[in-house]
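Going down the list, the protein sequences come from chains A, B, C and D.
Our numbering numbers the first residue of the first sequence as 5 and each following residue consecutively.
Our numbering numbers the first residue of the second sequence as 5 and each following residue consecutively.
Our numbering numbers the first residue of the third sequence as 2 and each following residue consecutively.
Our numbering numbers the first residue of the fourth sequence as 2 and each following residue consecutively.
For each residue, glycine too, the CB sits at the ideal point set by N, CA and C.
Worksheet: one structure, shown below.
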Amino acid sequence: MDEKTLIAKRVALELFDGDLVNLGIGLPTLVARYVPVGRHVFFQSENGILGMSGPITGAENNDLTDAGGSPISALPGAASFDSALSFGLIRGGHLDVTVLGGLQLDEEGHLANWMVPGKMVPGMGGAMDLVTGAKRVIVAMQHSAKGESKIVKRCTLPLTSVRRVDLVVTDLAVIEPTDSGLLLKETAPGVTVEQVIANTGAELIVSPDLRTMPLEG
Amino acid sequence: MDEKTLIAKRVALELFDGDLVNLGIGLPTLVARYVPVGRHVFFQSENGILGMSGPITGAENNDLTDAGGSPISALPGAASFDSALSFGLIRGGHLDVTVLGGLQLDEEGHLANWMVPGKMVPGMGGAMDLVTGAKRVIVAMQHSAKGESKIVKRCTLPLTSVRRVDLVVTDLAVIEPTDSGLLLKETAPGVTVEQVIANTGAELIVSPDLRTMPLEG
Amino acid sequence: MKNKLISLEDAVARIPDGASILFGGFMAVGGPTRLVDEIIRQRKSGLTIIANDTARPHQGIGKLVVEKLVAKVITSHIGLNPDTQKQMIAGDIEVELVPQGTLAERIRAGGVGLGGVLTPTGVGTTVEEGKRTVEIDGKTFLLETPIKADFALLAAKQADLYGNLTYALTARNFNPIMALAGATVIAEAEDILPVGCIAPDAVMTPSVLVDHIVTARPR
Amino acid sequence: MKNKLISLEDAVARIPDGASILFGGFMAVGGPTRLVDEIIRQRKSGLTIIANDTARPHQGIGKLVVEKLVAKVITSHIGLNPDTQKQMIAGDIEVELVPQGTLAERIRAGGVGLGGVLTPTGVGTTVEEGKRTVEIDGKTFLLETPIKADFALLAAKQADLYGNLTYALTARNFNPIMALAGATVIAEAEDILPVGCIAPDAVMTPSVLVDHIVTARPR
Numbered sequence: 005m006d007e008k009t010l011i012a013k014r015v016a017l018e019l020f021d022g023d024l025v026n027l028g029i030g031l032p033t034l035v036a037r038y039v040p041v042g043r044h045v046f047f048q049s050e051n052g053i054l055g056m057s058g059p060i061t062g063a064e065n066n067d068l069t070d071a072g073g074s075p076i077s078a079l080p081g082a083a084s085f086d087s088a089l090s091f092g093l094i095r096g097g098h099l100d101v102t103v104l105g106g107l108q109l110d111e112e113g114h115l116a117n118w119m120v121p122g123k124m125v126p127g128m129g130g131a132m133d134l135v136t137g138a139k140r141v142i143v144a145m146q147h148s149a150k151g152e153s154k155i156v157k158r159c160t161l162p163l164t165s166v167r168r169v170d171l172v173v174t175d176l177a178v179i180e181p182t183d184s185g186l187l188l189k190e191t192a193p194g195v196t197v198e199q200v201i202a203n204t205g206a207e208l209i210v211s212p213d214l215r216t217m218p219l220e221g
Numbered sequence: 005m006d007e008k009t010l011i012a013k014r015v016a017l018e019l020f021d022g023d024l025v026n027l028g029i030g031l032p033t034l035v036a037r038y039v040p041v042g043r044h045v046f047f048q049s050e051n052g053i054l055g056m057s058g059p060i061t062g063a064e065n066n067d068l069t070d071a072g073g074s075p076i077s078a079l080p081g082a083a084s085f086d087s088a089l090s091f092g093l094i095r096g097g098h099l100d101v102t103v104l105g106g107l108q109l110d111e112e113g114h115l116a117n118w119m120v121p122g123k124m125v126p127g128m129g130g131a132m133d134l135v136t137g138a139k140r141v142i143v144a145m146q147h148s149a150k151g152e153s154k155i156v157k158r159c160t161l162p163l164t165s166v167r168r169v170d171l172v173v174t175d176l177a178v179i180e181p182t183d184s185g186l187l188l189k190e191t192a193p194g195v196t197v198e199q200v201i202a203n204t205g206a207e208l209i210v211s212p213d214l215r216t217m218p219l220e221g
Numbered sequence: 002m003k004n005k006l007i008s009l010e011d012a013v014a015r016i017p018d019g020a021s022i023l024f025g026g027f028m029a030v031g032g033p034t035r036l037v038d039e040i041i042r043q044r045k046s047g048l049t050i051i052a053n054d055t056a057r058p059h060q061g062i063g064k065l066v067v068e069k070l071v072a073k074v075i076t077s078h079i080g081l082n083p084d085t086q087k088q089m090i091a092g093d094i095e096v097e098l099v100p101q102g103t104l105a106e107r108i109r110a111g112g113v114g115l116g117g118v119l120t121p122t123g124v125g126t127t128v129e130e131g132k133r134t135v136e137i138d139g140k141t142f143l144l145e146t147p148i149k150a151d152f153a154l155l156a157a158k159q160a161d162l163y164g165n166l167t168y169a170l171t172a173r174n175f176n177p178i179m180a181l182a183g184a185t186v187i188a189e190a191e192d193i194l195p196v197g198c199i200a201p202d203a204v205m206t207p208s209v210l211v212d213h214i215v216t217a218r219p220r
Numbered sequence: 002m003k004n005k006l007i008s009l010e011d012a013v014a015r016i017p018d019g020a021s022i023l024f025g026g027f028m029a030v031g032g033p034t035r036l037v038d039e040i041i042r043q044r045k046s047g048l049t050i051i052a053n054d055t056a057r058p059h060q061g062i063g064k065l066v067v068e069k070l071v072a073k074v075i076t077s078h079i080g081l082n083p084d085t086q087k088q089m090i091a092g093d094i095e096v097e098l099v100p101q102g103t104l105a106e107r108i109r110a111g112g113v114g115l116g117g118v119l120t121p122t123g124v125g126t127t128v129e130e131g132k133r134t135v136e137i138d139g140k141t142f143l144l145e146t147p148i149k150a151d152f153a154l155l156a157a158k159q160a161d162l163y164g165n166l167t168y169a170l171t172a173r174n175f176n177p178i179m180a181l182a183g184a185t186v187i188a189e190a191e192d193i194l195p196v197g198c199i200a201p202d203a204v205m206t207p208s209v210l211v212d213h214i215v216t217a218r219p220r
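Okay, here's the thing in structure tokens:
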């Protein structure tokens, strides 16, 4: 199993029956594939639909797309709406889970994921509203990039929100930001606590209930 | 012609082709009957429809009512919407004209029409939003009530808004509140300037262009 | 997924005495008639009710006032229910009068997670009392705060089994914004349909906002 | 009543150089393609454009950037249009980045006559810079001000001759709120229908908000 699949499978276990879920672009999108059997999850696309699913060949339509403008499909029971209501759902606390990628995550549980000053200024899109408004924010990302840990003492990149995220899932570990700091709760199959610590640029508290990452619901 | 019909006919001449118009309950409702031929006016009911018209026998429906809960009809091209959009149209400056009744109107052009402390506290309903938000506010009322002028130096009743209304049409006169005060622009057929002044509890400026109230468009 | 369709009795049994409740409807049009009657039958009392108006004494939520089940009303209009006025003057019921457009924005603000909105309505009138004002580009606005409630009780034309709702004509009124602002949302629907029978573009309240559905037709 | 249906050429001729324009659409989906192309043909320049994103370089309003007709952009995302980023870094174009939900509320506020809204989004981030904050019940919010523009250019699925509009699925996005916030509103519609062919409950933008209609189909 590649690292992205591992992350997506683990995150999928955090989604429950009836949840409204928003998946960020890139890695988080993969999560939709691994929702445990028997759980009906409603996926929202912030451009204005709830009940989205992957595209169906032959039924692609210019008026039915995801936030990147790519074709999607709609499941029976889907609802479409304008941008004001779409973000009303997000900001108003009606979104159960958002899964987002990250550039940095720090000891306070703050996420930076929308710009690298002087290098990449795509704009925050919906990320700031999602992190501020969702009931549960899950960061799904590689533990390191270019040999450097993405989990750091303090974010040097501009923050997405001062709201503490709820869970971080990487190819090495599952970490929960808490009042006392970053709690290491799970290690990926075949990965030791020492490896996680060595690859993390922030203080980790090892949970007394540490376990190996489950991948099936 | 009775006084109410006279007022309604005169007010109707202020409505133009394509206007979005909201009529208050009571006397203002009569205005709809006298819209000049060839002018298509859209009437809004603030409970959520645009393009309303009088009820049609046999097609009354519990889901199609005016703000008082009475049956209405909808013309072809009508649109229905929720209360947030209904008042978005009103507050956002999309309503061309509102016609409202009045309890008092003063020299500053301030209207009081929603309560008599200790006697009658119905609540302001949509009146405050209508007077604050409409492009043009027309007050349609009897000149006097119980022998006392409703046009006064300064309102003693709680104001509906501090926005100056645009025109006042009574059974005696048409008056325009201006920077310099209340401008008497028209007298009703058979009514003299002296009669209007004698029946008005506020200073009036007689317009150099004073004319007799027209009643047909 | 959990079945959202429950009995009228079960739905109302979830409401404790003293609850705050948003009621859809405008002069009882688009208001949840059966839920109101069941609240009376179960004698839920001390309620805070938030609605456009208190209808007429023997109509819609007007009945809750007559039955003395209401402690407080937040509304824009009580003119057609003399019982509300009588109880208010007697001090038996607290009434907060809110301009209709402001009421709509305050409920919407509560539902969409805004801390408040700035409105020109009410500036310089008694509505301003006790409120903060904010200047924007030299113009004065009132800072109006969000309204949320323990429950929102709605009346829909159609509901599918996921909880997607549609409303008809002027029966829509406050229902869609209240669906956003109730911690628990219960919708009474005339027609209850299988999932997929309401087209996505026709949905006026998305399923995820609705917790329970009851039928508006006695079965 | 005045005929709202006009030619594409006439519609765009009404837009002066330097105008501010709200553009419906999300990654060009639900954006007014023909109006954009005609703006390029008529070389309207120095525009301030307000839209969710600047699409891709050869798509929708992304083309306006490539053609150097844009002086300023207010948007939530420019990540898929390298030209916007390039011109921003070169100082040829001013870019104001706004969180997507805040952008929606600011445009809506402009359209419905609010002086502003209080949002938790962006508190403590670079988005807060230069903005007033307001405390409500101990929680901090940013005071975000309304956005209005000289024009709103929309893309609709259906328009009737009064100007009532419907949108399909995710092509709705910013169109309905922009219809409220443009001083002049021009809608490009796929299907143009006689009055009465859109049911009142299906209307997503009421006729009175729309000034001009153009057909999205070359005739």
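Proximity below 9 Å, CB of residue i to CB of residue j
i: G102 (chain D); j: G130 (chain A); result: yes
i: A138 (chain B); j: L99 (chain B); result: yes
i: G63 (chain D); j: D67 (chain A); result: no
i: A82 (chain A); j: M56 (chain A); result: yes
i: A36 (chain A); j: P201 (chain C); result: no
i: N165 (chain C); j: G26 (chain C); result: no
i: P58 (chain C); j: L93 (chain A); result: no
i: V204 (chain D); j: S84 (chain B); result: yes
i: V215 (chain C); j: A180 (chain C); result: no
i: A132 (chain B); j: M119 (chain B); result: Looking at the sequence provided, one finds Met at residue 132 (chain B) rather than Ala. Their beta carbons are not under 9 Å apart, which means M132 (chain B) does not touch M119 (chain B) by this criterion.
i: V13 (chain C); j: K45 (chain C); result: yes
Cβ neighbours of residue i in the same chain (closer than 8 Å, five flanking residues each side left out)
i: I155 (chain A); result: Q108, L109, D110, H147, V172, T174, I179, L186, T204, G205, A206
Residues near residue i by beta carbon distance below 7 Å, same chain, minus five either side
i: P193 (chain B); result: T216, M217
i: E3 (chain A); result: The structure shown does not extend to residue 3 (chain A), since chain A spans only 5 to 221, so no value can be given for it.
i: A182 (chain C); result: L23, I108, G111, G112, I148, K149, A150, A153
i: P100 (chain C); result: S77, T122, G123, V128
Local conformation of residue i per DSSP, three classes
i: P32 (chain A); result: helix
i: I187 (chain C); result: strand
i: F142 (chain C); result: strand
i: G137 (chain A); result: helix
i: I11 (chain B); result: helix
i: T69 (chain B); result: strand
i: M124 (chain B); result: strand
i: F175 (chain D); result: coil
i: T34 (chain C); result: helix
i: P201 (chain C); result: helix
i: A78 (chain B); result: strand
i: I16 (chain C); result: coil
i: Q108 (chain B); result: strand
i: E18 (chain B); result: coil
Identity of the residues DSSP links to residue i by a beta bridge
i: L188 (chain A); result: A:I179, A:V210
i: R215 (chain B); result: B:E190
i: S84 (chain B); result: B:I53
i: Q255 (chain A); result: What is shown of chain A runs 5 to 221, which leaves residue 255 (chain A) out entirely.
i: Q146 (chain A); result: Answer is none; Q146 (chain A) lacks a bridge partner.
i: T216 (chain C); result: C:A190
i: Q159 (chain D); result: D:T167, D:D192
i: S90 (chain B); result: Answer by DSSP bridge pairing: none, since S90 (chain B) is not bridged.
i: S153 (chain A); result: A:S148
6 Å Cβ shell around residue i - same chain, five flanking residues per side excluded
i: L162 (chain D); result: V196
i: G113 (chain A); result: R168, V169, P181
With a floor of 4 residues, list each alpha helix (DSSP H) that falls wholly inside the stretch 57-127 of chain D, ordered by position along the chain.
For secondary structure counted as the alpha helix (DSSP H) over 4 or more consecutive residues, the stretch 57-127 of chain D holds these complete runs in sequence order: 63-67, 83-90, 101-113.
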